[in-house]
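>
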Amino acid sequence: MSQPPLTTPANISMVKLIALLKRKSGMSREEFKRRWLIDHTKLSSQLPDCREYRINIALDHQPDGDGVEPTYDGTAELWWDSVAAMERCFSTEIAGIAGRDADAFCDIRIHIFTEEYSVISAGKAVQPPQLVTRL
């Protein structure tokens, strides 16, 4: 039996942004965490058309035990129902304000636009991996 192609079906257009963030040089991890989780979310929570927004902060001590600080201090995940919805969001005044605010506490912000595929869902392997639609 042949496997289905790993392409996005034409009727699915959900887009996910993963952002990798590195705090400003000289900023403590606690200050970075406060700025992002408390101050910045007052702006970013207003992003129009954003379906979901998650923040992931790197642990102070990484479990691999090598003692090296992680390259990034955290990631953000944002979902929109379509590329058009994301583009509308980014064209708004609040998106510009939120972007400038993030620049004030981050030295590096890398954005990766993705499709999300589920490999394990509810504790069970998904074979083949399934495109997550979140609609």
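Here the numbering used here is used: the first residue of the sequence shown is 1080, the next is one more, and so on. Heads up, the beta-carbon is just placed ideally off N, CA and C, and yes, glycines get one too. All figures in this text were calculated on a predicted structure; none of them were measured in a lab.
(1) Could you spell out the range, first to last residue, of the alpha helix (DSSP H) harbouring K1101?
(2) Quick one: give me the first and last residue of the alpha helix (DSSP H) that L1122 is part of.
(3) Residues in its own chain within less than 6 Å of A1164 by CB, not counting five upstream and five downstream?
(4) Three or more C-beta pairs under 8 Å: does that hold for the segment 1196-1210 against the segment 1160-1179?
(5) Where does V1147 fall in DSSP's three states?
(6) Ends of the beta strand (DSSP E) at A1155?
Short version:
(1) Segment V1094 to R1102 is the beta strand (DSSP E) holding K1101; no alpha helix (DSSP H) there.
(2) T1120 to S1123
(3) If the five residues before and after A1164 are omitted, its C-beta is found closer than 6 Å to the C-beta atoms of D1128, all from its own chain and listed in chain order.
(4) no
(5) DSSP, reduced to helix, strand and coil, places V1147 outside both helices and strands of the structure shown, so it counts as coil.
(6) G1153 to W1159
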